[in-house]
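Encoded as structure tokens, the structure appears first; notes follow it.
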Amino acid sequence: MADLRNNFVGIKSPNPFWLASAPPTDKAYNVERAFKAGWGGVVWKTLGSEGPPVVNVNGPRYGAIWGADRRLLGLNNIELITDRPLQINLQEMKQVKMNWPDRALIASIMVPCVEEEWKAILPLVEETGADGIELNFGCPHGMSERGMGSAVGQVPEYIEMVVRWCKQYSRMPVITKLTPNITDIRNPARAAKRGGTDAVSLINTINSIVSVDLDNFAPVPTVGGKGSHGGYCGPAVKPIALNMVSEIARDPETYGLPISGIGGVTTWRDAAEFLVLGAGNVQVCTAAMTYGFKIVQEMISGLSDWMDEKGHRSLDDITGRAVPNVTDWKYLNLNYVAKAHIDQDACIKCGRCHIACEDTSHQAITSMVNGVRHFEVMEDECVGCNLCVNVCPVENCITMVGLEPGTLDQRTGKIVDPNYANWTTHPNNPMAQVAAE
Numbered sequence: 001m002a003d004l005r006n007n008f009v010g011i012k013s014p015n016p017f018w019l020a021s022a023p024p025t026d027k028a029y030n031v032e033r034a035f036k037a038g039w040g041g042v043v044w045k046t047l048g049s050e051g052p053p054v055v056n057v058n059g060p061r062y063g064a065i066w067g068a069d070r071r072l073l074g075l076n077n078i079e080l081i082t083d084r085p086l087q088i089n090l091q092e093m094k095q096v097k098m099n100w101p102d103r104a105l106i107a108s109i110m111v112p113c114v115e116e117e118w119k120a121i122l123p124l125v126e127e128t129g130a131d132g133i134e135l136n137f138g139c140p141h142g143m144s145e146r147g148m149g150s151a152v153g154q155v156p157e158y159i160e161m162v163v164r165w166c167k168q169y170s171r172m173p174v175i176t177k178l179t180p181n182i183t184d185i186r187n188p189a190r191a192a193k194r195g196g197t198d199a200v201s202l203i204n205t206i207n208s209i210v211s212v213d214l215d216n217f218a219p220v221p222t223v224g225g226k227g228s229h230g231g232y233c234g235p236a237v238k239p240i241a242l243n244m245v246s247e248i249a250r251d252p253e254t255y256g257l258p259i260s261g262i263g264g265v266t267t268w269r270d271a272a273e274f275l276v277l278g279a280g281n282v283q284v285c286t287a288a289m290t291y292g293f294k295i296v297q298e299m300i301s302g303l304s305d306w307m308d309e310k311g312h313r314s315l316d317d318i319t320g321r322a323v324p325n326v327t328d329w330k331y332l333n334l335n336y337v338a339k340a341h342i343d344q345d346a347c348i349k350c351g352r353c354h355i356a357c358e359d360t361s362h363q364a365i366t367s368m369v370n371g372v373r374h375f376e377v378m379e380d381e382c383v384g385c386n387l388c389v390n391v392c393p394v395e396n397c398i399t400m401v402g403l404e405p406g407t408l409d410q411r412t413g414k415i416v417d418p419n420y421a422n423w424t425t426h427p428n429n430p431m432a433q434v435a436a437e
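For what it's worth, the UniProt record's numbering labels the leading residue of the sequence shown as 1, then goes sequentially.
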């Protein structure tokens with residue numbers, strides 16, 4: 001059986017599945033139930049400074065995006081950091097860590113960007129026995145208007161500064177949580193590394209308004225007739241998260257920096273994709289809020305079964321395996337040629353492939369042959385775009401088949417070249433022509 005034990009910057013847990021800092025980790029009751037269900041670790045809901053707790057709205061806090069089957073695809077939330085007193089959180093964290101010494105317990109922290117504020121809270125957190133701290137530089141609403149959260153995460157200089165304070169005043173490993181609400185995720189990651197961070201975690205939620213109530217003309221969720229932007233999370237953000245994780249994993253300046261992957265992890269496959277793109281573990285929130293804590297059991301068994309099937313013995317065998325295969329578009333092989341192929345036995349003759357190709361692509365799929373409804377790829381028109389694969393409702397009915405080097409591409413009338421060639425050397429590239437001259 002595959003070994004799922006996780007060692008992330010010296011923080012050990014029985015598996016790589018942690019609950020992210022969010023409502024599911026707001027109190028000991030939740031966290032104890034999560035550990036009993038099998039979660040390897042939790043990041044406690046974000047703590048603030050001592051003094052009066054923050055004030056959350058006393059009404060709707062979530063907006064949602066659903067699929068056609070009412071399956072939850074994304075949540076927008078306007079909740080802030082914990083509204084429970086700091087001392088109560090600290091007491092509960094200490095007791096939970098004593099009860100579950102084999103599980104990872106991370107304290108998420110967000111205080112004003114003032115050295116004395118960080119210097120004051122760090123020893124209090126350290127006394128709980130927490131395994132590490134996560135600096136919340138990602139929250140895009142409410143706290144950002146107060147100069148915290150993403151207001152810090154969008155300024156690399158601030159990130160570096162605060163990370164240095166935390167490394168100076170604490171013995172605990174520092175995980176810097178990054179905001180996706182930025183043009184280039186590599187810049188804040190580089191700043192965190194310069195500051196001495198032990199790891200980064202990403203992505204936090206995406207600034208959004210998910211819908212508008214067309215009866216009262218206010219954003220959803222609506223509080224007293226008004227709405228606000230909030231943080232978007234859930235399965236729909238996974239593609240954005242995977243890209244940002246891979247950008248950090250392959251950037252020469254941050255290569256090797258440990259990453260905790262966050263953003264839409266709902267199944268074991270989602271987790272595996274984060275791991276092979278460079279994440280050392282994953283954090284989950286929306287899936288737990290949708291299906292409950294026991295969903296982690298499916299994640300654990302699914303990841304273990306897949307690793308056993310593929311012969312991967314431990315997480316080290318898969319972590320980062322896909323990173324070398326992520327490249328810039330300009331380096332893709334322009335001599336690779338593929339064509340779509342329709343399995344006639346599997347085809348249900350719905351016609352979706354034909355309509356998509358005919359109306360919006362390359363008119364490369366028939367609808368009638370000899371007066372009979374029949375869908376077949378015309379290789380002399382197919383550019384290999386694979387749109388038909390993605391709109392077909394039958395899995396593996398349409399597949400992409402690469403043409404062997406030396407064979408004829410009927411569309412171009414050219415022989416498939418076996419040599420690798422990319423845009424940097426293509427004759428149509430003006431920069432390549434300048435270089436050649």
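Quick reminder that beta carbons are idealized off the backbone N, C-alpha and C, glycines included.
Q. Which of helix, strand or coil does DSSP assign to M431?
A. Stepping through the sequence shown from its first residue, residue 431 is reached at position 431. Correct three-state label for M431: helix.
(Q) For V96 and K36, I'd like the C-alpha separation in whole angstroms. (A) Your numbering for residue 96 matches position 96 in the sequence shown. Your numbering for residue 36 matches position 36 in the sequence shown. Taking the straight line from one Cα to the other gives about 12 Å.
Q. Which residues mark the beginning and the end of the alpha helix (DSSP H) in which T290 is found?
A. Reading the sequence shown from its first residue, position 290 is the one you call residue 290. Looking at the DSSP string, the run of the alpha helix (DSSP H) that includes T290 is 286-291.
Q | Residue range of the unbroken beta strand (DSSP E) whose run includes W44 | A | Within the sequence shown, residue 44 is the residue found at index 44, counting from 1. That run of the beta strand (DSSP E) goes 41-47.
Q | Outcome for E309 when other beta-carbon atoms lying within 10 angstroms are tallied against a minimum of 16 | A | Translated into the one-based positions of the sequence shown, residue 309 becomes position 309. Its Cβ having fewer than 16 others within 10 Å, E309 is exposed.
Q. Quick one: what's got a C-beta closer than 6 Å to G224's C-beta in the same chain, skipping five residues either side?
A. One-based indexing of the sequence shown puts residue 224 at position 224. Nothing meets the Cβ criterion.
(Q) Beta-carbon within less than 7 Å of A188's beta-carbon, same chain only, minus the 5 sequence neighbours each way: which residues are those? (A) Residue mapping note: residue 188 aligns to position 188 of the sequence shown, counting from 1. A small fix is needed here, since residue 188 is Pro in this sequence, not Ala. Within the same chain, P188 has close Cβ partners G153, P156, I159, L178, I182.
Q. If we count the other Cβ atoms within 10 Å of its Cβ and call it buried at 16 or more, is F17 buried or exposed?
A. For the purposes of this step, residue 17 is taken as residue 17 along the sequence shown, with counting starting at 1. F17 is buried by the Cβ-count criterion.
Q. Does DSSP put A231 in a helix, a strand or coil?
A. Residue mapping note: residue 231 aligns to position 231 of the sequence shown, counting from 1. The sequence as given places Gly at residue 231; Ala does not occur at that position. It is a strand residue.
Q. So, is A68 buried or exposed, given that buried needs 16 or more other C-beta atoms within 10 angstroms?
A. The count along the sequence shown starts at 1 and reaches residue 68 at position 68. Per the 10 Å Cβ criterion, exposed.
**Q.** Exposed unless 16 or more other CB atoms sit within 10 angstroms - verdict on Y232
**A.** The sequence position of residue 232 within the sequence shown is 232, counting from 1. Buried, since its Cβ has 16 or more Cβ neighbours within 10 Å.
Q.
Whole angstroms are fine: how far does the CA of S260 sit from the CA of S314?
A. Here residue 314 is taken as the residue at index 314 of the sequence shown, counted from 1. Here residue 260 is taken as the residue at index 260 of the sequence shown, counted from 1. Cα-Cα distance, rounded: 17 Å.
Q: Flag this pair as touching only if the region 378-396 and the region 343-353 have three or more C-beta atom pairs under 8 Å; answer yes or no.
A: yes
Q | Coarse secondary structure for P324, derived from DSSP in three states | A | One-based indexing of the sequence shown puts residue 324 at position 324. DSSP places P324 within a helical segment (H, G or I) once states are collapsed to three.
Q: State whether the region 97-104 contacts the region 137-146, with contact taken as three or more CB pairs (one from each stretch) at a distance under 8 Å.
A: no
Q | C-alpha gap between M368 and L403, whole angstroms | A | Against the sequence shown, residue 368 aligns to sequence position 368. Against the sequence shown, residue 403 aligns to sequence position 403. Each residue's Cα considered, the two are about 26 Å apart.
Q: Using 10 angstroms around the beta-carbon of D270, count the other beta-carbons present and answer buried if the total reaches 16, otherwise exposed.
A: Locating residue 270 in the sequence shown gives position 270, counting from the first residue. Counting Cβ neighbours within 10 Å, D270 comes out buried, since at least 16 surround it.
Q. Taking buried to mean at least 16 other C-beta atoms within 10 Å of its own C-beta, is H426 buried or exposed?
A. For the purposes of this step, residue 426 is identified with residue 426 of the sequence shown, where counting begins at 1. By the neighbour-count rule (16 or more Cβ atoms within 10 Å), H426 is not buried but exposed.
Q. Cα separation between R186 and D251?
A. One-based indexing of the sequence shown puts residue 186 at position 186. One-based indexing of the sequence shown puts residue 251 at position 251. Near 7 Å, if we compare the C-alpha coordinates of D251 and R186.
Q. Should the region 374-389 be regarded as contacting the region 290-303, the criterion being three or more beta carbon pairs within less than 8 Å?
A. No, the region 374-389 does not touch the region 290-303.
**Q.** Check whether P180 and N216 have beta carbons under 8 Å apart
**A.** To locate residue 180, count along the sequence shown from 1; it is residue 180. To locate residue 216, count along the sequence shown from 1; it is residue 216. It is not a contact, given that the beta carbons lie outside the stated cut-off.
Q: Kindly indicate which residue of G227, S211, C166, T46 has the alpha-carbon position closest to the one of G138.
A: As a working mapping, residue 138 is identified with position 138 in the sequence shown. G138 has its Cα closest to that of T46, out of G227, S211, C166, T46.
Q.
Less than 6 Å between C-beta atoms, sequence neighbours within five positions excluded: which residues of the same chain meet that for D380?
A. Sequence index remark: in the sequence shown, residue 380 carries index 380 (1-based). Once the five neighbours on either side are set aside, the close Cβ partners of D380 are Q410, R411.
Q: Buried or exposed for D345, please, with buried defined as at least 16 other CB atoms from any protein chain shown within 10 angstroms of its CB.
A: The residue you call residue 345 lines up with position 345 of the sequence shown. That one is exposed.
Q) Considering only C-alpha positions, which residue in the set A272, V220, W268, G227 is nearest to I245? A) Counting from 1 along the sequence shown, the entry for residue 245 is found at position 245. The residue asked about is misnamed: residue 245 is Val in this sequence, not Ile. Closest by alpha carbon: A272.
Q | Close beta carbons around A236, own chain, < 8 Å, minus the five adjacent residues each side | A | What you label residue 236 is simply residue 236 of the sequence shown in a count that begins at 1. Within the same chain, A236 has close Cβ partners I65, L73, G74, G264.
(Q) Between which residues of its own chain and L408 is the CB-CB distance below 7 Å, once the five residues before and five after are set aside? (A) By 1-based counting over the sequence shown, the position of residue 408 is 408. Correct list, in chain order: I415.
(Q) Among G406, S150, L105, V111, whose alpha-carbon lies nearest the alpha-carbon of T128? (A) Walking along the sequence shown from the start, residue 128 turns up at place 128. The option with the nearest alpha carbon to T128 is L105.
Q) Can you tell which of P239, V9, F293 has the C-alpha that lies nearest to the C-alpha of T197? A) As a working mapping, residue 197 is identified with position 197 in the sequence shown. When only C-alpha atoms are compared, the closest one is V9.
(Q) Suppose you measure from the CA of A20 to the CA of W39; what does that come to, to the nearest Å? (A) Taking the first residue of the sequence shown as position 1, residue 20 is located at position 20. Taking the first residue of the sequence shown as position 1, residue 39 is located at position 39. Those two C-alpha atoms are separated by around 11 Å.
(Q) With H, G and I counted as helix, E and B as strand and the rest as coil, what does DSSP make of S304? (A) Position 304 of the sequence shown holds residue 304. Under the three-state reduction of DSSP output, S304 falls in the helix class.
Q: Take the Cβ of P123 as the centre, count every other Cβ of all protein chains shown within 10 Å, and call the residue buried at 16 or more, exposed below.
A: Within the sequence shown, residue 123 is the residue found at index 123, counting from 1. With fewer than 16 neighbouring CB atoms inside 10 Å of its own CB, P123 falls in the exposed class.
Q) Taking just the CA atoms, how far does C388 sit from S211? A) Here residue 211 refers to the residue found at position 211 of the sequence shown. Here residue 388 refers to the residue found at position 388 of the sequence shown. Distance between the alpha carbons of S211 and C388: 30 Å.
Q: Indicate whether A322 and L257 have their beta-carbon atoms separated by less than 8 Å.
A: Within the sequence shown, the letter at position 322 stands for residue 322. Within the sequence shown, the letter at position 257 stands for residue 257. The answer is no: Cβ separation not under 8 Å.
Q. Using a Cβ-Cβ cut-off of 6 Å (strictly less than) and excluding sequence neighbours within five positions of P324, which residues of its own chain qualify?
A. For this step, residue 324 is matched to residue 324 along the sequence shown. Hits under 6 Å: none found.
**Q.** Nearest-angstrom Cβ-Cβ length linking E79 and P23, presumed shorter than 8 Å
**A.** Translated into positions along the sequence shown, residue 79 becomes position 79. Translated into positions along the sequence shown, residue 23 becomes position 23. That pair is a contact at about 7 Å.
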